[in-house]
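Taking it in order: structure first as structure tokens, then the write-up.
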Amino acid sequence: MAEKVGWAEEVIFDRLKAQYNDQEWVLLPQVRRGTGGYVVRTADAVAMNCWRSRGLVIHGFEFKSRRSDWMRELKAPEKQEQGIYRFCDRWYIIAGHPDIVKLEEVPDPWGFARPEGDKLKIVKKAPKLKPEPLDRPFIASVLRNIRDKSGLPETVLRKKYEEGYEQGRKRTLELAKLDVQHLQRKLDQLQATVTEFEQKSGIRINRWTMGDVGELVQLLRSFRPTRILQQAKKLWDRELATAQRQVASLEKALVEAEALEQRVVEARKKRQRGQQ
92 MAEKVGWAEE VIFDRLKAQY NDQEWVLLPQ VRRGTGGYVV RTADAVAMNC WRSRGLVIHG
152 FEFKSRRSDW MRELKAPEKQ EQGIYRFCDR WYIIAGHPDI VKLEEVPDPW GFARPEGDKL
212 KIVKKAPKLK PEPLDRPFIA SVLRNIRDKS GLPETVLRKK YEEGYEQGRK RTLELAKLDV
272 QHLQRKLDQL QATVTEFEQK SGIRINRWTM GDVGELVQLL RSFRPTRILQ QAKKLWDREL
332 ATAQRQVASL EKALVEAEAL EQRVVEARKK RQRGQQ
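Numbering (our numbering), first residue to last: 92 to 367.
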């Protein structure tokens, strides 16, 4: 029969975080007994209470994801006493699957928790221990843990990175989809404008050559209503001046004609008097 495998360490750590809130507790993963290569004992997690009213207690945790690992632990439980166990007020074994650890197998000084649904359930509350005072190697190990890992194990960091990457990828796809939708709306608006222009002008844009378009643009650019009005005004002024000169000439001719007529009348009168 295949060995049952429970939650991975990073999953157990995440569930444990739900039990130890950040305001009251500091929860660190993979805390060594001290610094230096000769130190081999490591707790899978350590939680320290930060409230003086609660006694500033320390809880230590050992994770078990396989029963074979747990059975090896039972063969030499005294090894725990050589590690961080000695500084803890309570010590817990946390199983990643209900079948990994049996309650009757748990040593008296240890507590025991296992999964129930997607949460951890304390099956046996750990008794109060008599911890030793913290020594400098252990304090140095805790500080290094905070500095090097920011309180997260490599597996958790990798998981967080992958989650962040996936969230970023999904967000990028969502933004790209929004961009495509925006461009599609712009294209639809442009198509509607072109269709309206073609219907009103009778011109099919897709049948025009670039030369036709260029000629039309040049014609439109050369069409200057202001310049045309200015030229029309100049022509009007010139024609008006000509008309005014003609009127003046006609008035002068009329005056001369009236004077000539007056002389003719007077000449006739003189001739008639001479004949009498």
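Note that beta-carbon positions come from the ideal geometry of N, C-alpha and C, so glycine has one too.
On a predicted model such as this, the values are computed, not experimentally measured, just so you know.
The beta strand (DSSP E) enclosing residue i, as first and last residue numbers
i	result
GLN121	116-123
LEU165	Counting along the chain, LEU165 falls outside any beta strand (DSSP E), though it belongs to the alpha helix (DSSP H) covering 158-166.
ASP135	133-140
ALA418	Nothing in the structure corresponds to residue 418, since the chain is present only between 92 and 367.
LYS215	210-215
GLY151	149-155
DSSP state of residue i mapped onto helix, strand, coil
i	result
ILE327	Sequence inspection shows Trp at residue 327; the Ile mentioned does not correspond to that position. Three-state DSSP puts TRP327 in a helix.
PRO228	helix
ASP190	coil
ALA283	helix
LYS219	coil
VAL197	coil
Beta-carbon contacts of residue i that lie in its chain and below 8 Å, excluding the five residues immediately before and after
i	result
LYS210	ARG106, ALA109
PRO218	ARG181, ASP199, PRO200, GLY202
GLU115	ASN140, CYS141, TRP142, ARG145
Own chain, CB closer than 6 Å to residue i, minus 5 neighbours either side, in chain order
i	result
GLU153	ASP135, ILE184
GLY174	ARG124, ARG132
Cβ-Cβ separation, residue j to residue i (assumed contact under 8 Å), whole Å
i	j	result
VAL148	VAL137	Not really, about 11 Å apart at Cβ, beyond 8 Å.
GLU195	LEU165	The Cβ separation is near 11 Å, so there is no contact.
ASN236	LEU118	Contact doesn't hold; Cβ gap of about 11 Å is too wide.
Where residue i falls, given that 16 or more other Cβ within 10 Å makes a residue buried
i	result
MET139	buried
ILE191	buried
GLN321	exposed
LEU232	With the sequence shown as reference, residue 232 is identified as Ser, and Leu is not the correct amino acid for it. Classification for SER232: buried.
LEU351	exposed
GLU101	buried
Span of the alpha helix (DSSP H) around residue i
i	result
ALA109	100-110
Residues of its chain near residue i, where Cβ-Cβ distance is below 7 Å and the 5 sequence neighbours each way are ignored
i	result
LEU220	CYS179, ASP180, ARG181, TRP182, PRO200
GLY127	none
PRO168	PRO198
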